[in-house]
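A short write-up of the structure that comes next.
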Amino acid sequence: MGSSSPRPRLVPKLSALLALGLACLFLAGCKMSGPQSTIVVDGPVARSQLNLFYVTLAVTTFIFVTVGGALAYAQFRFREKKGEAAGDPPAQTHGHPMVEIGLIVVSTLLLVIIAVPTVKGIAYMEDTPDRENALVVKVTGYQWWFKFEYPELGIVTANEMVIPTNRPIHLELRTVDVIHSFWVPKLAGKKDLMPNRANHMWLQADKADYYWAQCAEFCGESHANMKFRVVSLEPAAFAEWEQRQRGEARTIEAATAAATAEQPRFAPFEQPRVQRALYSPVSDDGIAGAESPFAYWQEMQVTPAPGTEDAALVAQGRRLFLEKTCLGCHSIRGHNAMGISGPDLTHFGSRTTIASAMMDNTADNLRVWLQHPNDVKPGNLMWRDGYVPNKITISDEEAAALVAYLHSLK
Ligand code: HEC
Ligand SMILES: [Cu+2]
126 MGSSSPRPRL VPKLSALLAL GLACLFLAGC KMSGPQSTIV VDGPVARSQL
176 NLFYVTLAVT TFIFVTVGGA LAYAQFRFRE KKGEAAGDPP AQTHGHPMVE
226 IGLIVVSTLL LVIIAVPTVK GIAYMEDTPD RENALVVKVT GYQWWFKFEY
276 PELGIVTANE MVIPTNRPIH LELRTVDVIH SFWVPKLAGK KDLMPNRANH
326 MWLQADKADY YWAQCAEFCG ESHANMKFRV VSLEPAAFAE WEQRQRGEAR
376 TIEAATAAAT AEQPRFAPFE QPRVQRALYS PVSDDGIAGA ESPFAYWQEM
426 QVTPAPGTED AALVAQGRRL FLEKTCLGCH SIRGHNAMGI SGPDLTHFGS
476 RTTIASAMMD NTADNLRVWL QHPNDVKPGN LMWRDGYVPN KITISDEEAA
526 ALVAYLHSLK
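For the sequence shown, position 371 (counting from the first letter as 1) is numbered 496 according to the numbering used here, and the numbering increases by one without interruption.
So this is what it looks like as structure tokens:
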């Protein structure tokens, strides 16, 4: 009985904790409209899923408030009062039929309230409406990027799926390796890309915009770096894009194709490390100085004015692309490159990102990617199956030529 330690001052501590908790809740709710928001949505599929979320949220909030409220009330009402000795437990209600029937009926009712819109929502998501008029896009997942084919239009592209607005897009989902998951949060929920079977889903965009998207199923070392973009365009703008993409790769008439100094075929193999900070990752507030990501995408579609490019450098880049064995993995239609294990690069210069949306498609970033792919994207197969076994190194001069060439491919 000797030491009489002072009672800890619980009340101020509790209120500080409460304030912190409230602040956390408040801040967590602040960013509802990020580029991968599922709350601020732009298409009917995402909207139907959001509505289902609200129904579920309402039911679970109701349960939380009633159960939590009853618990809080009981604890307060029946607590031990000051100076009162612990008495006998209150009368028990085991076997109270009204309470038990009531709980069963209310629980069943709550489940039905969630189940009906869930089943309706699944049916809605599975069935592409207006199937004859829908645009078909075949999506194929690769470690760690996406291929997009438009079988009706004869277009192949990668990492940036362009779609018309207000028209259902019917997606066929496949993978060449492991399970991936296709997710454009503002347009539609996830669907897995399964080995040896085709899944399907549909989505639709209400307006012309630029959307962030993501592989949502762990698929190996660079899973977190397997992102992509969806660009939606008004039908007329989509028709123009379609026209450009159908064509073969752009060729610049080289005034002086002679400026192709002999390069050693394979330099001794040595990969210098670079700091990750060397490249600028994509940011959600405007890319590469453009006022918005969508404006940046539009800038990338513009064919450079005649004479603004260094034709000799571009020609050198084109030669290097063949010499460095890049053609073994990449297609550039019309330029003798027909590889299929890497992204199609026929119109690479019109894309806003590099390496499945890891970086903005700027000259500096592209140079870093070509010289040090593994530092940008650990484990990527361009490095593992190409650079390492073939001992590919890219000097600064070679990188400049390849960048000029790849960026000329509008
Ligand atoms: C072994 C096959 C292979 C070789 C060889 C290869 N690449 Fe790649 N390349 C890939 C793969 C796979 C990717 C996708 C990497 C990723 O994002 O995970 C890629 C990505 C790229 C990209 C980015 C495409 C995009 O849309 O994001 C460019 C540009 C590129 N490669 C250029 C080249 C050049 C130039 C060479 C020759 C120096 C080359 N590649 C050699 C397989 C290869
Ligand atoms: Cu993946």
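For each residue, glycine too, the CB sits at the ideal point set by N, CA and C.
Keep in mind that this is a model prediction, so the values were computed, not measured.
Asparagine 505 sits in coil when the DSSP states are folded into three classes, being neither helix nor strand. The segment 448-535 contains, as complete alpha helix (DSSP H) runs of 4+ residues, the segments 488-496, 498-501, 521-533 (chain order). Bridge pairing for serine 357: Ile288, Asp334 [DSSP]. Here DSSP, grouped into helix, strand and coil, assigns methionine 326 to strand.
Put simply, the residues with a CB less than 5 angstroms from any heavy atom of ligand 2 are His305, Cys340, Cys344, Met351, in chain order. The C-alpha of glycine 168 lies about 11 angstroms from the C-alpha of aspartate 334. Residue burial is scored here from C-beta neighbours: glutamine 329 has at least 16 other C-beta atoms within 10 angstroms and is therefore classed as buried. Counting along the chain, leucine 260 sits inside the beta strand (DSSP E) bounded by residues 260-267. Burial check for lysine 332: the Cβ neighbour count within 10 Å stays below 16, so the residue is exposed.
For alanine 415, no beta strand (DSSP E) segment is defined, and its DSSP state is neither H nor E.
Between valine 230 and valine 224, the alpha-carbon positions lie close to 10 angstroms from each other. In terms of side-chain proximity, the C-beta atom of isoleucine 479 is found nearer than 6 angstroms to a non-hydrogen atom of ligand 1.
Residue environment: serine 232 is assigned as exposed (fewer than 16 neighbouring CB atoms within 10 Å of its CB, all protein chains considered).
Shown here for phenylalanine 187: same chain residues with a beta carbon closer than 8 angstroms to its own, the five before and five after excluded, namely Leu235 in chain order.
With fewer than 16 neighbouring CB atoms inside 10 Å of its own CB, proline 360 falls in the exposed class.
Its chain contains Gln161, Thr163 as the residues whose beta carbon lies nearer than 6 angstroms to that of proline 310, once the 5 sequence neighbours on both sides are disregarded; these appear in chain order.
Under the criterion of beta carbons closer than 8 angstroms, methionine 326 and leucine 296 qualify as touching, at roughly 5 angstroms.
Taking the Cα of threonine 300 as reference, the smallest distance to any Cα among Ser140, Ala323, Gly345 is reached at Ala323. Under DSSP, lysine 352 shares a beta bridge with Gln339.
Threonine 218 is classed as exposed because its beta carbon has fewer than 16 other beta carbons within 10 Å across all chains shown.
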